[in-house]
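Heads up, the thing below is written out as structure tokens.
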Amino acid sequence: MGERKDVNDFLKKDFWSYMYDGGIHPGQLTGASFDLTPSGHSNINSTEKSYIETMSKAERAQYLALTVLVAIKDCTNFEYHGKHRAILEAYYIENLNNYQARVKVGMSDAEYKTSKKDALKEFIKRYDYWRNARNCPELPALFYPQKPKKLPKTAQK
Numbered sequence: 000m001g002e003r004k005d006v007n008d009f010l011k012k013d014f015w016s017y018m019y020d021g022g023i024h025p026g027q028l029t030g031a032s033f034d035l036t037p038s039g040h041s042n043i044n045s046t047e048k049s050y051i052e053t054m055s056k057a058e059r060a061q062y063l064a065l066t067v068l069v070a071i072k073d074c075t076n077f078e079y080h081g082k083h084r085a086i087l088e089a090y091y092i093e094n095l096n097n098y099q100a101r102v103k104v105g106m107s108d109a110e111y112k113t114s115k116k117d118a119l120k121e122f123i124k125r126y127d128y129w130r131n132a133r134n135c136p137e138l139p140a141l142f143y144p145q146k147p148k149k150l151p152k153t154a155q156k
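Pasting the structure below:
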């Protein structure tokens with residue numbers, strides 16, 4: 000089994016290195032014309048498989064970046080159920096800070112914190128699916144970091 004990465008670090012750093020190595024400009028991602036809808040969930044045919052095996056480093060980086068983007072775009076975006084995709088796009092693609100992303104998606108601070116956490120957990124599931132479906136074993140396994148429990152402050156005398 001390969002390395003495991005914190006989902007936040009992965010989306011903030013590794014994802015962007017694939018983007019740059021693959022020559023994808025961030026402006027391409029926000030336009031409505033940017034369509035990543037995969038053509039069905041079918042298996043990769045043999046022609047496509049041999050193409051994947053002979054990709055250049057830049058083509059491979061682009062393929063990996065697009066795989067991550069497919070996983071983001073595949074996340075749910077329900078108005079009354081977290082707006083996961085909108086949060087991920089605002090924070091990780093448009094590079095807004097938490098406050099700006101929260102305002103953009105129209106949530107209270109508490110709603111946003113919960114939804115962002117849920118969005119990252121959903122993203123990991125979608126990412127695992129697409130990582131396998133698109134044959135990207137070099138993409139690391141992701142985990143959601145568990146915050147250490149805060150110890151109660153002892154009463155000072």
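Numbering (numbering that gives the first Met the number 0), first residue to last: 0 to 156. Ideal Cβ placement from N, Cα and C applies to all residues, glycine included. Since the model is a prediction, treat every value here as computed from it, not as a measurement.
Start-to-end residues for the beta strand (DSSP E) that takes in residue i
i	result
K72	Taken as a continuous stretch (DSSP letters only), K72 belongs to no beta strand (DSSP E), being part of the alpha helix (DSSP H) at K56 to K72.
C-alpha distance - residue i paired with residue j, whole-angstrom precision
i	j	result
E78	A100	15 Å
F9	L141	8 Å
Y62	A70	12 Å
Y90	M54	30 Å
Q27	A60	16 Å
I23	R125	21 Å
N96	A132	31 Å
I92	Y143	19 Å
E121	P25	23 Å
M18	K12	10 Å
D127	V104	26 Å
As assigned by DSSP and simplified to three states, the class of residue i
i	result
F122	helix
K146	coil
L191	What the structure shows of the chain is the stretch from 0 to 156, and residue 191 is not part of that stretch, so it cannot be assessed.
L141	strand
R130	helix
G81	coil
S114	helix
E93	coil
I86	helix
Cβ distance (whole Å) where residue i is taken to contact residue j below 8 Å
i	j	result
T66	W129	5 Å
K4	P136	Wrong, their Cβ atoms sit about 14 Å apart, outside the cutoff.
A57	D20	6 Å
Residue i: first and last residue of the uninterrupted alpha helix (DSSP H) it sits in
i	result
K103	N97 to V104
F14	F14 to D20
R3	Taken as a continuous stretch (DSSP letters only), R3 belongs to no alpha helix (DSSP H), being part of the beta strand (DSSP E) at R3 to D5.
Self-check item: Cβ contact (3+ pairs, closer than 8 Å) linking the region 82-92 and the region 107-114
Solution: The region 82-92, when compared against the region 107-114, does touch it at the 8 Å Cβ threshold.
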